[in-house]
Amino acid sequence: MTRKIGYMDGKLVKKIIEETAPFSSHIFLHHFGESLLHPELGEFIKYAGKYKIKTYLSANPALLTEKRSKQLVDNGLYELVLSLDAVNNTTSASIRGKAAEKTELAEKNIQKLLDYRKMVNSKTPKIILQIIKQKKNV
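Basically my numbering = 1-based index in the sequence shown + 459.
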């Protein structure tokens, strides 16, 4: 697959939210890329909430910075799927590639997110830890 690398235009995301609101109660903010890197992600979540749309996201927990965690919680993300397919860097990288090499950082980031969510007494986002069973990680 070849496509231009970059971020989806914020105006387009908001237009999609506006146009789908009468027909859908949820939106998935991920596919072919890493949504946590989009500079407007927090705003998209908040904007969807104005239309009573629940937001879902699947992400690499190594990229879950403290600032981003706060944005996800504070803007009302409904559900977050975090993929952590191994407990060490070598196995993780062999499954998901070099970007997944930071398992210790991923674990720390997940804990910080959980701590922040507890501190602000929020029940969302619902957290799903996704581990796909494979020969390499059993």
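Where is the CB? At the ideal position from N, CA and C, for every residue including glycine.
Are the CB atoms of residue i and residue j nearer to each other than 8 Å?
i       : j       : result
Ile-486 : Ala-518 : no
Thr-514 : Leu-496 : no
Asn-534 : Gly-492 : no
Leu-543 : Ile-586 : no
Glu-499 : Lys-571 : no
Using a Cβ-Cβ cutoff of less than 6 Å, which residues in the same chain neighbour residue i once the five nearest sequence positions on both sides are dropped?
i       : result
Ser-581 : Val-532
Asn-568 : Pro-520 and Leu-523
Tell me which same chain residues have a C-beta within less than 7 Å of the C-beta of residue i, skipping the five on either side of it?
i       : result
Tyr-575 : Ser-528, Lys-529 and Val-532
Ala-480 : Tyr-510 and Ile-512
Leu-536 : Ile-504, Thr-514, Leu-516, Thr-583 and Pro-584
State the DSSP-derived secondary structure class of residue i, mapped to helix, strand or coil.
i       : result
Ser-517 : strand
Ser-528 : helix
Please determine, among the options, the residue with the shortest C-alpha to C-alpha distance to residue i.
i       : options                               : result
Gln-589 : Ile-464, Ser-483, Phe-482 and Glu-538 : Glu-538
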